[in-house]
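Only one structure is covered here, and it is reproduced in the block below.
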Amino acid sequence: MDLQQLESLSRRLDPAPEARAELMRAVMAYAEAFHEGLAEAPAFKLLERPGAGLAEAPPGEEGRPVGAVLELLREQVDQPGAHGASGRHFAFIPPSTQIAGALGDFLAALTNKYAGYHFAGPGAVRMENLVLAWMAREFGFPAGTHGNLAAGGSLAHLVGICAAREAAGFKAADTGRVCVYLSDQAHHCVQKALRVAGLGEAKVRQIPTDARFRLRPDRLEAAIQADLAAGLRPWLLAPTAGTTNSGAVDPLPDCAELAQRHGLWLHTDGAYGAFFALCAEGRARLAGMEAADSLVADPHKGLFAPMGTGAVLVRHLEPLRRAHAYAADYLPAPPEDLDELSPTEVTLEFSKHARALRLWLPLQLHGIAPFRAALEEKLRLAELAWDGLQRLPDLEPVAAPQLSVMAFRFLPPAGDADAFNQRILESLQREGRVFLSGTRLRGAFCLRLAVLALRTHRAEVEEALTCLARAHEGALGA
Ligand SMILES: *Cc1c(COP(=O)(O)O)cnc(C)c1O
């Protein structure tokens, strides 16, 4: 091909206004149909060979019409598995999307501003820092708290743990002596982050929990004392502000006191729970969270942002920068007097998109009040769900909601309770109208109900209770 032919072919990647408008119309129509379908769409869909049609339509040398491509997306990606935006999603920690967040993401991709380095994208950098500063204020952290908007809680944990490692000044040879404390209910990603941060050999003490699955401060203190007596080095305390398993909030004030007394870095996991602090009721239940040296909070959970949004706040800039900052010849040096931190100085990411737009745009358009209301609503709905559950026959309460996650099981007339509850869960998932998940608590298989989807309101909770009652009756008859 000559240069002109190459240009004409490559220009297909940058459609002319008319073709571009047609593409946008098709995508907007898809978005509208997606929203209109929400009321009827299953919360969970089991398919024979989920997504198999994608493999049958690999990209060819020539493109396909937009309608056919969007149909592939609808059938092969949007339909199978858990719905990403349903108000009847009560499994794990339910994800949400709000349209302004999705459009923020679209605009970030469209304008493609660089949010890694102040010199190239000062506005995008400032936006990320402003969103983080807003979170810090809401959580009661002091001015000057820094942080990062990462691609989820797991990565946010890694950033925080690297800062904690730098603050302690460990060398590789120290890792075998270093001790980490978390509850036996902590999320696995904390240990994963330790391993990735080069601390896989650290001694991780899984502290036993009380009857409500909260870390026991007396057992924590005993573990720290035992490690000190053995000549080891207590380092990191990682309590959870709302566990994934049962929604337990560890005793944060006790943890803060012990961390202070023993010089531990307090790294609090609020991935699920932290944003409840936006409403007064939640703030009361999370008292003590503000004492953390680093805190993880997931906007893709508690702020209903698109998936892939996790935040970490760190009180101490110096170790955060020491873990991540780098200079290179091909980059301009940051001006000395610049008080605007560049995200590349505090995370592993370099070519960073304007992730903050998916938070900034909805916060600007709607204000903070609807977020506070939605979170208070979820707390109330969780109480409503828990009361409703108590009225179901043969129900054994296991974990009452401390925020918006609860666990329970049905006691079978005879036979294995685990298998009985597994059958109830499977029948719910086959039916697909509501989506719940299960877990093990003290060895027993339990059902979990997590209220956090944006579109979960009273009607959806009532429907979940109806579906559960029906599934339970079905299991009795089977
Ligand atoms: C979801 C969650 C995580 C992990 O965060 P991701 O955003 O899924 O990576 C960590 N801790 C708790 C308590 C969580 O609920």
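Just so you know, the sequence shown maps onto residues 1 to 478 in the working numbering.
All residues carry an ideal CB built from backbone N, CA and C; glycine is no exception.
Since we're looking at a predicted model, the values are computed, not measured.
Judged by DSSP secondary structure, N421 falls within the alpha helix (DSSP H) whose first and last residues are A417 to E431. In the structure shown, K203 falls within a strand segment according to DSSP collapsed to helix, strand and coil. Less than 7 Å divides the Cβ of L403 from the Cβ of G273. Within its own chain, the residues whose Cβ lies closer than 7 Å to the Cβ of R322, once the five positions on either side in sequence are excluded, are E166, listed in chain order. Distances taken from the Cβ of T97 to the heavy atoms of ligand 1 include none shorter than 6 Å. The DSSP-derived three-state label of E166 is helix.
With a threshold of 16 other beta carbon atoms within 10 Å, F420 meets it and is buried. Of the heavy atoms belonging to ligand 1, none sits nearer than 6 Å to the Cβ of Y181. Sequence-distant partners of F90 (beyond 5 residues in either direction) whose C-beta falls short of 7 Å from its own C-beta, in its chain, are V434, F435, L436, L449, A450, V451 and A464. The DSSP assignment places complete alpha helix (DSSP H) segments of no fewer than 4 residues inside the region 262–342 at 280–285, 299–302 and 317–324, in order along the chain. Ranking L236, D250 and E36 by CA distance to the CA of H157 puts L236 first. Scanning its chain for C-beta atoms nearer than 6 Å, with the 5 sequence neighbours on each side dropped, one finds around M307 the residues P95 and H300, in chain order. When secondary structure is reduced to three states using DSSP, H188 falls in the helix class.
By the CB criterion at 7 Å, F275 and S246 fall outside the cutoff. Sequence-distant Cβ neighbours of A102 in its own chain, meaning closer than 7 Å and more than five residues away, are P306. Minimum Cα-Cα distance from R470 among the listed residues L389, G438, M406 and A417 corresponds to L389. A buried status is given to N148, since no fewer than 16 other beta-carbon atoms sit within 10 Å of its beta-carbon. Secondary structure note for M406: its beta strand (DSSP E) is the uninterrupted segment V405 to F410. Taking 7 Å as the cut-off, the Cβ atoms of I224 and A197 do not count as close. Secondary structure at N112: coil, using DSSP grouped into helix, strand and coil. It is roughly 12 Å from the alpha-carbon of E221 to the alpha-carbon of A256. Per DSSP, V451 is not a residue of any beta strand (DSSP E), being assigned neither H nor E.
Annotated as distal: M127 and W386, with beta-carbon spacing of 7 Å or more.
For T244, the distance from the CB to the nearest heavy atom of ligand 1 is below 6 Å.
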